[in-house]
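One line per chain: the protein sequences are A and B, in this order. Counted the way our numbering counts, the first sequence spans residues 2 to 113. Counted the way our numbering counts, the second sequence spans residues -2 to 114. Just so you know, even glycine gets a beta-carbon here, dropped at the ideal spot from N, CA and C. Bear in mind that the values here come from a model prediction, so they are computed numbers and not experimental data.
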Amino acid sequence: AQSVTQLDSQVPVFEEAPVELRCNYSSSVSVYLFWYVQYPNQGLQLLLKYLSGSTLVKGINGFEAEFNKSQTSFHLRKPSVHISDTAEYFCAVRSNAGKSTFGDGTTLTVKP
Amino acid sequence: EAGVAQSPRYKIIEKRQSVAFWCNPISGHATLYWYQQILGQGPKLLIQFQNNGVVDDSQLPKDRFSAERLKGVDSTLKIQPAKLEDSAVYLCASSLDPAPGQGDTQYFGPGTRLTVL
Chain A
2 AQSVTQLDSQ
12 VPVFEEAPVE
22 LRCNYSSSVS
32 VYLFWYVQYP
42 NQGLQLLLKY
52 LSGSTLVKGI
62 NGFEAEFNKS
72 QTSFHLRKPS
82 VHISDTAEYF
92 CAVRSNAGKS
102 TFGDGTTLTV
112 KP
Chain B
-2 EAGVAQSPRY
8 KIIEKRQSVA
18 FWCNPISGHA
28 TLYWYQQILG
38 QGPKLLIQFQ
48 NNGVVDDSQL
58 PKDRFSAERL
68 KGVDSTLKIQ
78 PAKLEDSAVY
88 LCASSLDPAP
98 GQGDTQYFGP
108 GTRLTVL
């Protein structure tokens, strides 16, 4: 069985400030890790993914995430956020069998 | 490249009625997924197709939900009869990998928002 916990349901932050959205996971097998963004009334869009190799993964829109196997975490970071980054962010894991499990999301609100 | 198409975008029905959703994946994508996203929660996989065969339907409430993928392309998801707790956004996604792809990117449609009164 696998599960994902997004530690913060809401993260308010001022424009141009750094942000970190936290994600912990549990799984009895090796997994692949993903971050998605969802804008209002839209589907999910892939931000970045970790499959193997370097534990620091860079994605679109200036986001990056670091895979920490010992802490079973995959936190998402951005050094300077914009108003347009306001959205819902989802962390997900996928097993070797191809089954995906999503967290419950973190609402990022960027204030001017 | 056209994205994943879904229709309708919104649907309001009364409990015990039937409803169907349609999904057209990205051309050439072998794997198709249906997710249920309840307000305030992440998407939950209902069913996964590889071409026109079912890979995983372990979380599909089979007493009321059914899905099919005709000729390995379009797919329909049906609920009959609907319950209040079925109110959610139903997301369709597709990916290129012909096998249950581990790292393959899923492309999501805009979803169908279902309200059951």
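Bounds of the beta strand (DSSP E) holding Gly50(B) are Gly50 to Asp53. Neighbours of Phe91(A) in chain B, taken as residues at a C-beta separation under 8 Å, are given in chain order as Gly39 and Pro40. Look at Glu17(A) here: in three-state DSSP terms it is coil, with no helix or strand label. Counting along the chain, Val70(B) sits inside no beta strand (DSSP E), nor does DSSP assign it H or E at all. In terms of beta-carbon proximity, Ser101(A) lines the interface with chain B, with at least one pair separated by less than 7 Å. Residue burial annotation: Gln103(B) is buried, with at least 16 other C-beta atoms found within 10 angstroms of its C-beta.
A contact is defined here as three or more CB-CB pairs under 8 Å, and the region 101 to 111 of chain A meets this definition with respect to the region 77 to 87 of chain A. For Asp105(A), the chain B residues whose Cβ falls inside 9 Å of its Cβ are Gly37, Gln38 and Gly39, in order along the chain. Close to chain B, meaning a Cβ-Cβ distance shorter than 7 Å, is no residue of the region 54 to 87 of chain A at all. For Glu89(A), the enclosing beta strand (DSSP E) stretches over residues Ala88 to Ser96. Spanning the alpha carbons of Leu49(A) and Tyr33(A) requires a straight line of approximately 11 Å.
Not flagged as an interface residue toward chain A: Phe62(B), since no C-beta distance is shorter than 7 Å. Here the region 4 to 24 of chain A makes contact with the region 64 to 80 of chain A; the two share three or more CB pairs at distances below 8 Å. Taking every protein chain shown into account, the CB of Ser24(B) has fewer than 16 other CB atoms within 10 angstroms, so this residue is exposed. Trp31(B) is not a Cβ neighbour of Ile10(B), given a cutoff of 7 Å. The region 33 to 41 of chain B and the region 92 to 107 of chain A touch, with no fewer than 3 CB-CB distances between them shorter than 8 Å.
At a beta-carbon threshold of 7 Å, the residues of chain B lying near Leu47(A) are Thr102, ordered along the chain. A residue is called buried when at least 16 other Cβ atoms come within 10 angstroms of its Cβ; Val58(A) meets this threshold and is buried. Around Tyr51(A), the same chain offers Leu34, Val58 and Phe68 as residues with beta carbons nearer than 6 Å, after the five sequence neighbours per side are excluded. By the C-beta density criterion, Tyr7(B) is exposed, having fewer than 16 other C-beta atoms within 10 angstroms.
In its chain, beyond the 5 residues on either side, Ile76 have a beta carbon closer than 6 Å to the beta carbon of Phe62(B).
For Lys50(A), the uninterrupted beta strand (DSSP E) run begins and ends at Leu45 to Tyr51, by DSSP. For Val52(B), the CB contacts under 8 Å within the same chain, skipping 5 residues up- and downstream, are Thr28, Gln45, Phe46 and Pro97 in chain order.
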